[in-house]
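The numbering of the sequence shown is our numbering, which starts it at 1 and goes up by one.
We put the CB at the ideal spot given by N, CA and C, even for glycine.
Quick caveat: nothing in here was measured; it's all calculated off a predicted structure.
Notes for the one structure printed next.
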Amino acid sequence: MEVIILAAGEGTRMFSETPKALHSIGGRAMLEHVMLTARELNPSNIHVAVGFGAAQIRGYFKDGEALDINWVLQAERLGTGHAVQQALPDVDTGDERNWVMVLYGDVPLIKS
C-alpha cells in the first residue's frame, strides 16, 4: 500500500500566511498528525503533494529525510484530483494488488 497526502492548499479562509497543513493542533502541525497516523499503516511509500508554502512545509519536516517522504510539487493548484495526478507517476503501478490511500493533510484527528 502507498499513501498520498494532499497538503497543497492555501487555506484562504484561515486568513494566515502559514500553509494550512502547518497550523498546530495539540503542539503538532496538522500534517504531522496525518503523517504519523499514515506511518502506523506501514505503507511502502508516503507521497505528500505540496503547493502553497512548499518550502516552508518541507523545512518544517527537514525535507522529510527521517520520515522517508516523497515530496510531490503541485505547481498549479487545480484541485484535489490534480494533486493526486501529480503523485501517481511515483506510485508503483506494476502490482495490481498495490492499494493507494489518499488522505487530506488538514484532517489531524484521523485514526489508523
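Under the three-state reduction of DSSP, Ala29 is assigned to strand. The alpha carbon of Ile5 has as its nearest neighbour, out of Arg97, Asp95, Met30 and Thr18, the alpha carbon of Met30.
Per DSSP, the beta bridge partners of Ile5 are Val48 and Leu103. Boundaries of the alpha helix (DSSP H) around Ile57: Ala54 to Tyr60. 8 Å or more divides the Cβ of Phe52 from the Cβ of Pro89. A Cβ-Cβ separation of about 6 Å places Val102 in contact with Val84 under the 8 Å criterion. The beta carbon of Ser44 lies closer than 8 Å to those of Met1, Glu2, Asp92 and Asn98 in the same chain, with the five residues before and after it left out. Taken through DSSP and simplified to helix, strand or coil, Val84 comes out as helix.
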